[in-house]
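There are 2 protein chains.
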Amino acid sequence: MAEKTNKVSLSEVAGAAGVSKMTVSRVLRGGGGYSEQTRARVMEKVDELGYLPNRLATVFAGDTQSTFIGVSIPDLGNEVFTQVLEGIDDKLGTFGYQTVLGLTQHTQKAEEDWIRTVLSWQPAGLILTGRYRSARATEMLKNAGIPVVEIWDLNSSPLDMSVGINHFDSGFDMGRYLVGCGYEKIGYVGTSHNTANAASTRLDGFCRAVEGGGSRVAKQLCLHDAATYYTGFYGTEQLLAANADITCIHYQNDAMAFGGMQYVTSLGMSVPDDIGIAGWGDLPIASVLPKRLTSCHVPHLRLGQSAAEMMLARLSDEPVQSCVDIGFRLIPGSTVRRLKNR
Amino acid sequence: MAEKTNKVSLSEVAGAAGVSKMTVSRVLRGGGGYSEQTRARVMEKVDELGYLPNRLATVFAGDTQSTFIGVSIPDLGNEVFTQVLEGIDDKLGTFGYQTVLGLTQHTQKAEEDWIRTVLSWQPAGLILTGRYRSARATEMLKNAGIPVVEIWDLNSSPLDMSVGINHFDSGFDMGRYLVGCGYEKIGYVGTSHNTANAASTRLDGFCRAVEGGGSRVAKQLCLHDAATYYTGFYGTEQLLAANADITCIHYQNDAMAFGGMQYVTSLGMSVPDDIGIAGWGDLPIASVLPKRLTSCHVPHLRLGQSAAEMMLARLSDEPVQSCVDIGFRLIPGSTVRRLKNR
DNA sequence: TAGCCTGACGTTACGGGTAACTCAATGCCC
DNA sequence: GGGCATTGAGTTACCCGTAACGTCAGGCTA
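Going line by line, the protein sequences match chains A and B.
For the first sequence, this note's numbering assigns the number 353 to the initial residue and increments by one for each residue that follows.
For the second sequence, this note's numbering assigns the number 353 to the initial residue and increments by one for each residue that follows.
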């Protein structure tokens, strides 16, 4: 690498303009304390030399906060999270903050390592997905003394702030709805990287509702794979191979549901006459399907924006509600049938 | 905000351990120059106080490079870019670098602003999507003296390094293929945020091939919207409303192609008997469709990884090929028909 | 004309690490 | 026991901005 990045510093500009670096600093920050003549000469040299300030020095000196916000999400393959991330980055960017991305790959180890590293860069705050993390990570976060927003899972006793939805309730509602539609043997296809995450919380709620309603979850299939189209496809194949009498399948998200729907269609089955399909998340693909996909709408973009807003409010010392339930809405759709009896 | 982040510094650890901060620094970096006894006592205090190094200080002092890599992509709603980003972040993370995300929203202005800001944080390097940027941005990049990888569009005379594909050729191949299939009136549906981007370069190549082959592009529809499912759906509606005799439609990407396919299917048309559909990018959704979608495969994840590898190589002063063509592969698929004549 | 104020700057110190240097104590050889 | 390398530390300077304070000339007041 360029042995000595030929960065132009304040003092070089100062030297060129024939003033002290303090004067240059004053001109650049525009607080006054210099003559118009000096300002013009300084700005001329700034342009000429292509001076770019070194924010490291400012933050390092403790004169100001950094404008980094660390944002961790599990992965980018799941559209659910990319939408949340887009909402966050959009809002943060508008207010001059930068997103430092962390992909935790659904492991606490990766998250802990990332937190340690990113904290060493003195971020202004962190936005983290999920509520379950290692004790060491929690301790570092507490010691860091910076705002932390935990998103996705609503955390009623957050480290600092939290915005998300109640995944248990969301799963429960879906379970109750499917039971209410008259389904008695219901399957579930999802992925499982570990047991402490939002999807498994939804599954818990789902099972509770289904079993409480007198039906049963015939089979929960948790594949160790990405939660996307093809996983839904082959997961459905596996599920039906072992449980041919299942009449309805709930999926971890809409992408998997679409994959599953493609599989059952390839068998010549019809949705919802032969089998019911329910997804989750109300992803964009659902907008072009011939039948409205039974799903659960979550305002992903809004969730991300809210998280960013809470962070920004905290950073400017405004009052912040520490726990925000962004809400969800069950979408009945037409990929499950409504039986008359019941 | 916490008035004075109670960060533990080296000297505090030094004070607690009864040594100088230089000794603590030596112990933490493990280069020797201290006794086992001292090491143990220092480490004990480090753990006790929860000391986290301040990387800002190190980089600021110029003793070492930062481990930030700025990565800009147009948006997160296009799966094409999220895959690239995932490839980049994965590789960078493995080698201890952090991704600072920038979403340029397809505008040079946003990219320029982001570049200016991110450069002030002294990143180790930048990875930028696309090859067209403002003169001012280019100048800043040149002055920065850090490695820059331009991705996506192959740039044969890059600022520094480039990895991507030849979009013109890719569009050309698709055009030639569709003409070869016997289509004579072909439509195109894409989006256009500005004219200087990869998609429009593909469109240029596509038109050239189609017209050179004696067929014609009956209508190019460039919507000012996100390049995703629903845009493909309603774009197709618009296209066919005005040009009912089009027999084949090429889309900017697979998501739009899928949206379009849903629209024509909703009209009762059959693919490819009544109309041909061709996408681009070979996105995951294609893996579950009943008919293989005619498309163009691009190794997105690999592209991202290559970009990161080139960056890492440059950062460790290894020789790097400055221009890498990652290649694409036309996927004939079965959503276009092959006519016998021609 | 001394005294005070103000505008326009310069000077100094600081932050948290690290390189480069200095220094004291110890061990070892002849 | 004196000379010399080795080990285990401490000391100083520096990186780039900014806060806080100092300086100095000129204008105004009493």
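Heads up, the beta-carbon is just placed ideally off N, CA and C, and yes, glycines get one too.
C-alpha distance - residue i paired with residue j, whole-angstrom precision
i          : j          : result
Gln-673(A) : Val-423(A) : 20 Å
Gly-542(A) : Val-436(B) : 25 Å
Ile-683(B) : Ser-647(B) : 5 Å
Gly-620(A) : Ile-440(B) : 41 Å
Phe-610(B) : His-545(A) : 30 Å
Thr-593(A) : Tyr-586(A) : The displayed chain sequence assigns Ala, not Thr, to residue 593(A). For Ala-593(A) and Tyr-586(A), the distance between alpha carbons rounds to 10 Å.
Val-394(A) : Arg-488(A) : 49 Å
Ala-476(A) : Gly-564(A) : 46 Å
Gly-385(A) : Ala-548(B) : 44 Å
Lys-356(B) : Glu-661(A) : Here Lys-356(B) scores only 38 on pLDDT, less than 50, and its place in the model is too uncertain to base an answer on.
Leu-506(A) : Met-526(B) : 47 Å
Gly-454(A) : Ala-462(A) : 9 Å
Glu-502(A) : Asn-605(B) : 34 Å
Leu-380(B) : Ser-418(B) : 18 Å
Cys-675(A) : Leu-655(B) : 40 Å
Gly-402(B) : Leu-428(B) : 36 Å
Val-688(A) : Val-531(A) : 11 Å
Gln-614(A) : Ser-552(A) : 24 Å
Lys-494(B) : Ile-421(A) : 27 Å
Ser-387(B) : Asp-677(A) : 54 Å
Cys-600(A) : Ala-630(A) : 8 Å
Within chain A, the residues that residue i reaches when beta carbons sit closer than 8 Å
i          : result
Gln-657(B) : Within chain A, no residue comes near Gln-657(B); the closest Cβ sits about 14 Å away, beyond 8 Å.
Phe-585(B) : Ser-639, Val-640
Glu-438(B) : Asp-427, Leu-428, Gly-429, Leu-455
Arg-468(B) : Leu-404
Gly-382(B) : The premise fails here: Gly-382(B) is roughly 17 Å from chain A at the closest Cβ pair, so nothing lies under 8 Å.
Gly-539(B) : Within chain A, no residue comes near Gly-539(B); the closest Cβ sits about 18 Å away, beyond 8 Å.
Beta carbon proximity, residue i to chain A, threshold 7 Å
i          : result
Ala-354(B) : With a pLDDT of only 31 at Ala-354(B), under 50, the local geometry of the prediction cannot be trusted, and the value read off the model is given with reservation. It does; some Cβ of chain A falls within 7 Å.
Leu-511(B) : no
Ser-472(B) : yes
Gln-614(B) : yes
Phe-558(B) : no
Thr-687(B) : no
Asn-546(B) : no
Which of helix, strand or coil DSSP assigns to residue i
i          : result
Val-372(A) : Reading off the sequence, residue 372(A) comes out as Ser, not Val. The answer is coil: DSSP assigns Ser-372(A) none of H, G, I, E or B.
Pro-684(A) : coil
Ala-630(B) : strand
Cys-600(A) : strand
Lys-571(A) : strand
Tyr-386(B) : coil
Met-513(A) : strand
Asp-677(A) : strand
His-576(B) : coil
Ser-544(A) : coil
Lys-356(B) : Residue placement at Lys-356(B) is flagged as unreliable, the pLDDT there being 38, under the threshold of 50; the coordinate-derived value follows with that caveat. The answer is coil: DSSP assigns Lys-356(B) none of H, G, I, E or B.
Ser-658(B) : helix
Gly-557(A) : helix
Trp-473(A) : coil
Ser-647(A) : strand
Gly-566(B) : coil
Min CB distance residue i to chain B below 7 Å
i          : result
Val-452(A) : yes
Gly-402(A) : yes
Ala-409(A) : yes
Ser-363(A) : no
Ser-567(A) : no
Ser-618(A) : yes
Gly-611(A) : yes
Asn-549(A) : no
Thr-416(A) : no
Thr-434(A) : yes
Asn-507(A) : no
Proximal residues of chain B, C-beta to C-beta of residue i below 7 Å
i          : result
Pro-636(A) : Thr-580, Tyr-581, Tyr-582
Asp-441(A) : Leu-453, Leu-455
Per-residue contacts from residue i into chain A (C-beta, under 9 Å)
i          : result
Asp-577(B) : Within chain A, no residue comes near Asp-577(B); the closest Cβ sits about 12 Å away, beyond 9 Å.
8 Å Cβ cut-off: residues of chain B touching residue i
i          : result
Phe-412(A) : Asn-406, Leu-408, Ala-409, Phe-412
Asn-605(A) : Simply none; closest approach about 13 Å.
Residue i: contacting residues in chain B (beta-carbon distance under 9 Å)
i          : result
Glu-491(A) : Gly-402
Gly-542(A) : By Cβ distance, chain B contributes nothing, its closest Cβ being about 17 Å from Gly-542(A), past 9 Å.
Any non-hydrogen atom of the ligand FAD within 6 Å of residue i CB
i          : result
Asp-597(A) : In the structure on display, the ligand FAD does not appear, and there are no ligands present to speak of.
field: Any alpha helix (DSSP H) of 4 or more consecutive residues that is wholly inside the segment 395-462 of chain A
entry: 407-412, 431-446
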